[in-house]
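Asker: Below is a structure I'd like to ask you about.
2 protein chains.
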Amino acid sequence: MATIRDVARHVGVSPATVSRVINGVPGFSADTRERVEAAVAELGYEPDTLARGLRTMQSAVIGVLATAVSDALASQVMSGIESAARSRGYTVMLGRAGLGAEHAPSYLRSFKTYRAAGVVVISSAITGDMRRIAGARLPLMAVAIRNGDVFPSLAIDDEQAAYDGTRRLLELGHREIGLLAGDESSMLVNAPRERGYQHAMAEADAPTLVERGNSLYDSAPPALGRLLERAPRLSAVFALSDEMGAAAINELQRRGRRVPEDVSVLGFDNTRTSQHVHPALSTVAQPLERMGEQAVFGLLDGTWRSRIFEHRLIERGSTASAPSPAPSRKRNLP
Amino acid sequence: MATIRDVARHVGVSPATVSRVINGVPGFSADTRERVEAAVAELGYEPDTLARGLRTMQSAVIGVLATAVSDALASQVMSGIESAARSRGYTVMLGRAGLGAEHAPSYLRSFKTYRAAGVVVISSAITGDMRRIAGARLPLMAVAIRNGDVFPSLAIDDEQAAYDGTRRLLELGHREIGLLAGDESSMLVNAPRERGYQHAMAEADAPTLVERGNSLYDSAPPALGRLLERAPRLSAVFALSDEMGAAAINELQRRGRRVPEDVSVLGFDNTRTSQHVHPALSTVAQPLERMGEQAVFGLLDGTWRSRIFEHRLIERGSTASAPSPAPSRKRNLP
DNA sequence: TTGTAAGCGTTATCAA
DNA sequence: TTGATAACGCTTACAA
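Protein chains in written order, with UniProt numbering: chain V, 1 to 334; chain A, 1 to 334.
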């Protein structure tokens with residue numbers, strides 16, 4: 001591999017001059033510039049990132065911390081991160097924090113010693129510990145989760161979004177709406193969503209009905225079972241994740257209920273999973289890729305301030321008007 | 001951030017000694033070792049990866065090149081890569097090559113200047129171009145794709161796997177089995193799979209029936225439509241990707257056919273998508289995570305030789321015996 | 001068992 | 001407009 005000295009020698013200038021040309025630092029004639037560029041091309045010279053990073057005390061990497069790398073939501077955010085990073089000439093370093101964020105410290109240390117420009121943390125909280133490890137040089141920014149001003153984040157207003165989703169179901173004439181919530185470990189995103197649901201239901205004077213899964217597919221059927229046991233005639237299910245929403249659709253159909261004719265299902269997040277069921281899952285969308293992009297731009301431009309993104313209700317085939325209630329026997333008695 | 005000199009000064013030894021202790025290079029007393037370790041802990045010293053990499057001419061990073069970051073198959077492989085890398089103290093650098101591998105060169109160059117220990121390329125071919133850019137120092141290893149001995153890879157025997165899948169469908173009594181194939185751009189994995197299908201069908205003297213999608217969900221319904229048009233009474237569909245398989249199940253049900261009672265559906269890859277439909281998709285499984293792990297171990301241990309992994313048929317709810325043929329009118333005529 | 005010193009490939013400072 | 005030089009933090013001969 002050619003070094004900057006090789007190029008310098010080849011052109012007959014000093015390494016410093018070559019460096020200036022490469023980095024666009026003023027201080028060279030148009031002539032030398034051309035000759036340097038020619039030599040760079042001819043020798044196939046690539047600046048050594050490690051040496052440069054050592055000298056400048058920073059390198060062109062963005063760290064990413066996801067709870068699980070094969071998670072659909074995280075994948076979509078990462079997709080945005082990658083494209084933004086690439087557009088700025090940065091590369092992405094990937095770390096899996098684990099469900100309890102147990103690997104976060106070691107990855108953070110690693111990112112720090114690589115002199116990463118910043119780290120985006122996907123849908124898990126930035127703890128004081130993490131901040132302390134990262135230190136002043138390494139800005140952290142959370143995506144798809146927030147906690148007031150405790151840490152900088154790019155997220156939607158989960159409470160409002162869940163409120164809007166519930167409202168829509170209510171508007172469609174549903175009253176018995178079951179909530180498939182996530183587990184305690186992700187309270188920062190689940191609690192506000194639950195509040196949004198509770199709020200809308202209270203406003204409409206409708207009875208609330210909550211069962212808890214863990215946001216993953218397999219947790220939904222049993223939770224749905226419990227919902228159905230408590231409210232056999234429920235006409236809508238609001239799942240706080242698309243995986244649970246997809247599972248709800250499938251489980252409902254397995255139990256002989258039609259979706260959306262008998263019961264409507266609404267999901268959350270708009271991950272690709274929502275399009276992999278039939279009928280396709282209506283869902284409360286977060287602009288995940290855009291959030292990923294903006295996170296790296298924020299990190300790189302030094303404007304790592306929190307921002308709230310617009311959520312959006314996407315209605316696909318899984319939601320419809322509530323079925324007109326079957327005539328109740330009692331009332332029909334003369 | 002503390003440097004190695006700070007630690008040295010703190011202990012009252014030379015930087016060299018500290019370095020030796022840290023790297024376990026023989027040449028220090030038990031006593032100094034303890035004192036150095038204490039100082040390291042006290043100062044919170046972390047060796048600078050960049051400086052170390054510059055000096056040793058290599059760094060603890062593994063590059064990953066995926067066609068798309070948010071792809072389910074790639075995600076699963078990456079999951080294995082991450083865990084193997086972490087177990088060896090390596091970090092993962094992520095690159096998205098794009099469908100036509102258009103970004104592969106630039107990422108490869110980047111990985112090279114970071115002095116990565118190796119690169120794993122997920123389900124796309126390693127071209128001569130890529131090899132040339134990587135040079136001798138940067139080993140490349142493909143996963144979930146292969147091409148004889150043209151490049152080193154970890155993959156299943158796609159032809160045999162598709163053959164086995166088709167055989168199983170045949171054993172279940174199916175004869176009219178439609179194939180939902182992928183597109184030309186991924187021929188290295190699709191062609192052998194198609195051959196496997198053709199081979200099994202020919203052996204059984206059954207008519208072949210192929211329509212092409214692009215491996216993604218949305219491409220399947222139209223392709224399935226064409227299949228159904230050509231063979232309205234087909235009793236099984238073999239999809240060469242789980243997304244297409246999932247889509248086939250949903251589309252079949254939408255058209256009023258029961259799965260698996262009327263038509264069986266078999267998928268390919270065993271990505272998480274296969275479990276997100278109802279009935280759950282039977283599929284030909286590749287050990288994706290394990291392949292990812294083994295790829296990094298191979299890269300790191302310098303044994304980057306091709307290896308064929310065992311595929312496995314996973315039967316879930318989407319496959320069953322062929323329906324007994326409805327009595328054909330003609331034959332029933334006396 | 002330990003220390004000295006050189007050098008990895010850059011860039012920044014200073015002088016020309 | 002250019003060049004010499006030092007320094008970034010580390011490892012590794014080589015010397016003691």
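Idealized CB from N, CA, C, for every residue including glycine.
Only counting the same chain, and skipping five residues up and downstream in sequence, which positions put a Cβ closer than 6 Å to that of E82 (chain A)?
Answerer: Result list for E82 (chain A): V92, in chain order.
Asker: What's the C-alpha gap between R307 (chain V) and V143 (chain V)?
Answerer: 10 Å
Asker: If I follow the unbroken alpha helix (DSSP H) through D158 (chain V), where does it start and stop?
Answerer: D158 to E171
Asker: Tell me, to the nearest whole angstrom, how far the beta carbon of A311 (chain A) is from that of A161 (chain A); I am working on the premise that it is less than 8 Å.
Answerer: The question names Ala, but residue 311 (chain A) in the sequence shown is His. Right, the Cβ-Cβ distance comes to about 4 Å (below 8 Å), so this counts as a contact.
Asker: With DSSP as the reference, label D269 (chain A) as helix, strand or coil.
Answerer: strand
Asker: In whole angstroms, give me the CA-to-CA distance for L228 (chain V) and L209 (chain V).
Answerer: 10 Å
Asker: Which first and last residues belong to the beta strand (DSSP E) in which M141 (chain V) is found?
Answerer: L140 to V143
Asker: Could you tell me whether the stretch 282-294 of chain A touches the stretch 263-270 of chain A, using the rule of 3 or more Cβ pairs below 8 Å?
Answerer: yes
Asker: Rounding to the nearest angstrom, what Cα-Cα distance links G182 (chain V) and S19 (chain V) in this structure?
Answerer: 54 Å
Asker: Scan the stretch 75-104 of chain A for residues whose Cβ lies nearer than 8 Å to a Cβ of chain V and list them as they occur along the chain.
Answerer: S75, Q76, M78, S79, E82, S83, R86, T91, V92, M93, L94, G95, R96 and H103
Asker: Give me the Cα-Cα distance between R254 (chain A) and V277 (chain V), rounded to the nearest whole angstrom.
Answerer: Inter-residue distance for R254 (chain A) and V277 (chain V) is about 11 Å (C-alpha atoms, whole angstroms).
Asker: Using the three-state DSSP reduction, which class does D149 (chain A) fall into: helix, strand or coil?
Answerer: For D149 (chain A), the secondary structure class from DSSP, reduced to helix, strand or coil, is strand.
Asker: Any C-beta of chain V sitting closer than 8 Å to the C-beta of Q286 (chain A)?
Answerer: Cβ-Cβ to chain V under 8 Å: no for Q286 (chain A).
Asker: In chain A, which residues lie with their C-beta within 7 Å of the C-beta of I51 (chain V)?
Answerer: Before going further, note that residue 51 (chain V) is Ala rather than Ile in the sequence given. In chain order: L54.
Asker: Taking all protein chains shown into account, decide if T56 (chain A) is buried (16 or more other Cβ within 10 angstroms of its Cβ) or exposed.
Answerer: exposed
Asker: For R195 (chain V) and T166 (chain V), I'd like the C-alpha separation in whole angstroms.
Answerer: 11 Å
Asker: Within 8 Å, do at least three Cβ pairs link the stretch 44-54 of chain A to the stretch 110-119 of chain V?
Answerer: yes
Asker: Exposed or buried, what is M187 (chain A) when buried is set at 16 or more other beta-carbons lying within 10 Å of its beta-carbon?
Answerer: exposed
Asker: Taking the C-alpha atoms as reference points, what is the distance between T32 (chain A) and V7 (chain A)?
Answerer: Straight-line Cα distance between these residues: approximately 12 Å.
Asker: Locate the alpha helix (DSSP H) running through E211 (chain A), then write down its first and last residues.
Answerer: Counting along the chain, E211 (chain A) falls outside any alpha helix (DSSP H), though it belongs to the beta strand (DSSP E) covering V210 to R212.
Asker: Tell me the residue span of the beta strand (DSSP E) that contains L180 (chain V).
Answerer: I177 to A181
Asker: If you reduce the DSSP assignment to three classes, tell me which class L299 (chain A) lands in.
Answerer: The answer is helix: DSSP assigns L299 (chain A) an H, G or I state.
Asker: Exposed or buried, what is V11 (chain A) when buried is set at 16 or more other beta-carbons lying within 10 Å of its beta-carbon?
Answerer: With 16 or more Cβ atoms within 10 Å of its Cβ, V11 (chain A) is classed as buried.
Asker: By the 10 Å Cβ neighbour count, where 16 or more other Cβ atoms means buried, how is P287 (chain V) classified, buried or exposed?
Answerer: buried
Asker: Name the chain V residues whose beta carbon is nearer than 7 Å to that of Q253 (chain A)?
Answerer: H278
Asker: Using a Cβ-Cβ cutoff of less than 6 Å, which residues in the same chain neighbour D157 (chain A) once the five nearest sequence positions on both sides are dropped?
Answerer: I308
Asker: Going by the CB atoms, is the gap between A295 (chain A) and L154 (chain A) shorter than 8 Å?
Answerer: The answer is yes: Cβ separation under 8 Å.
Asker: Taking the Cβ atom as the reference point for each residue, do V69 (chain A) and R96 (chain A) lie within a distance shorter than 8 Å?
Answerer: yes
Asker: Does R137 (chain V) pass the burial test, meaning 16 or more other C-beta atoms within 10 Å, or should it be called exposed?
Answerer: Label assigned to R137 (chain V): exposed.
Asker: What three-state label does DSSP hand residue 376 (chain V) in the structure shown?
Answerer: What is shown of chain V runs 1 to 334, which leaves residue 376 (chain V) out entirely.
Asker: Which chain V residues sit within Cβ distance under 8 Å of P47 (chain A)?
Answerer: Near P47 (chain A) (Cβ distances below 8 Å), the residues of chain V are T113.
Asker: Which whole-angstrom value describes the C-beta separation of N289 (chain V) and Q76 (chain V), a residue pair presumed to lie in contact below a C-beta threshold of 8 Å?
Answerer: The identity of residue 289 (chain V) in the sequence shown is Glu, whereas the question assumes Asn. Going by Cβ atoms, the distance from E289 (chain V) to Q76 (chain V) rounds to 6 Å, so yes, they are a contact pair.
Asker: Just the Cα atoms here: how many angstroms apart are T67 (chain V) and R35 (chain A)?
Answerer: 37 Å
Asker: Which residue or residues does DSSP assign as beta-bridge partners of F111 (chain A)?
Answerer: Answer is none; F111 (chain A) lacks a bridge partner.
Asker: Between R175 (chain V) and the rest of its own chain, which residues show a CB-CB distance below 6 Å, the 5 nearest in sequence each way excluded?
Answerer: Cβ within range, chain order: A206.
Asker: Whole angstroms is fine: what's the gap from F297 (chain V)'s alpha carbon to A247 (chain V)'s?
Answerer: 36 Å
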